[in-house]
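Trainee: The sequence shown begins at 252 in my numbering and counts up one residue at a time.
Where a beta carbon is used, it is the ideal one built from N, C-alpha and C, also for glycine.
Values in this document were obtained by computation on a predicted structure and should not be read as measured data.
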Amino acid sequence: MSTFTLTRRLPADATADALRADVREGLTADPKWLPPKWFYDARGSELFEEITRLPEYYPTRAEREILQARAAEIAAATGAATLIELGSGSSDKTRLLLDALLAAGTLKTYTPVDVSEAALQQAGEALLKEYPGLRVDALIGDFLGDLRVPGAEGPRLVAFLGGTLGNLLPAERARFLAAVRAGLAPGDALLIGTDLVKDEATLVAAYDDAAGVTAEFNKNVLHVINRELGADFDPGEFDHIALWDRQNEWIEMRLRARSHQTVKIPELDLAVTFEPGEEMRTEISAKFREEGLREELEAAGLDLRHWWTDTGGRFGLSLSVA
Ligand code: AVJ
252 MSTFTLTRRL
262 PADATADALR
272 ADVREGLTAD
282 PKWLPPKWFY
292 DARGSELFEE
302 ITRLPEYYPT
312 RAEREILQAR
322 AAEIAAATGA
332 ATLIELGSGS
342 SDKTRLLLDA
352 LLAAGTLKTY
362 TPVDVSEAAL
372 QQAGEALLKE
382 YPGLRVDALI
392 GDFLGDLRVP
402 GAEGPRLVAF
412 LGGTLGNLLP
422 AERARFLAAV
432 RAGLAPGDAL
442 LIGTDLVKDE
452 ATLVAAYDDA
462 AGVTAEFNKN
472 VLHVINRELG
482 ADFDPGEFDH
492 IALWDRQNEW
502 IEMRLRARSH
512 QTVKIPELDL
522 AVTFEPGEEM
532 RTEISAKFRE
542 EGLREELEAA
552 GLDLRHWWTD
562 TGGRFGLSLS
572 VA
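Okay, structure coming up:
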């Protein structure tokens, strides 16, 4: 028998409190910014799934190619009884790992962790039908929060796929990796997917697609703030911007105000003014090099044991141990 449990790691209103705190901090800062995790309500998660199917957005396909080639090797190297996936979304590519770990006969439990309850619910129900015998213990939570999963049988494989590590600023990455490292027991392993530095045109196109899906995804954060905090953003008054920051080696997404506007956010008792052309950062998506990642892992006490890329050298998958 398969079982599916969905547990909220935080009190129900902690997410609401975090959104309020983030929006207040980001929209009163100069320059203004918003953290990318608030893209992912049900609509935002759907839009991201649509992004992964766009011709310009190569990371998902490149990572899938690596997983297809290496899943059996990963299963053999880790012998994982529990797969914990941070930022699991639709758990689509995860099936390659689940298949390999089940074929190796070691896997008992899959623990997806995501901020999107809708995505977890959908993924969990689908997995339940597809994998008889698998126990799915889903956690609604922020991967930057408490990573300890009590009672999860070892060895555990912690997977952080899709390149989401790149959404963290370097200092946040260091904290995140150290926190993951602190939660690993001997025999556990960490699998991270990272998009790699490449030519600017390819990178920018991936974040500014011709069909405009990424633009919709970017503006979705305004819809989220309108709904959750009673704000009156007019998403049509903002333009989607994607640019390559070659010093920091990250893609930056911004929303640029088309006109002077004052946005009211009643739940925060706040009014925010945008000048025409003013840009607000909504996401960074850092791109990596093998050596740089190895150093970041090492600084967190992690030892990179395997490094795989797709045949096009666009995306990297690393397996590390404590
Ligand atoms: C899901 C965080 C990996 O940074 O490429 C896609 C999100 N943003 N298009 C990324 C995203 C714009 C994506 N991650």
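1) Helix or strand or just coil, what does DSSP make of serine 296?
2) Hey, would you say glutamate 368 sits closer than 8 Å to isoleucine 335, going by beta carbons?
3) Compare the C-alpha of leucine 305 against each of Ala482, Ala462 and Ala403 and name the closest.
4) Could you tell me whether the Cβ atoms of asparagine 418 and proline 287 are closer together than 8 Å?
5) Spatial neighbours of glutamate 404 within its chain, please: C-beta separation below 8 Å, excluding the five flanking residues on both sides.
6) In terms of DSSP beta bridges, what is arginine 505 paired with?
7) In the structure shown, what three-state DSSP assignment does aspartate 446 receive?
8) Check whether the Cβ of serine 536 lies closer than 7 Å to any heavy atom of the ligand AVJ, and answer yes or no.
9) In whole angstroms, what separates the C-alpha of valine 455 from that of alanine 466?
10) Would you kindly work out how many angstroms separate the C-alpha atoms of alanine 433 and serine 510, rounded to a whole number?
11) On a Cα-Cα basis, can you pick out the residue from Leu378, Gly444, Leu412 and Trp284 that is closest to leucine 506?
12) Hey, alanine 328 and aspartate 561 are a contact pair by Cβ (cut 8 Å); roughly how many whole angstroms apart?
13) Report buried or exposed for lysine 380, applying the criterion of at least 16 other Cβ atoms within 10 angstroms of its Cβ.
14) Please report the distance separating the alpha-carbon of alanine 522 from that of serine 569.
Mentor: In this structure, then:
1) helix
2) no
3) Ala462
4) yes
5) Ala332, Thr333, Lys359 and Thr360
6) Ile492 and Arg532
7) strand
8) yes
9) 12 Å
10) 47 Å
11) Trp284
12) Contact flag wrong, Cβ pair sits at about 19 Å.
13) exposed
14) 45 Å
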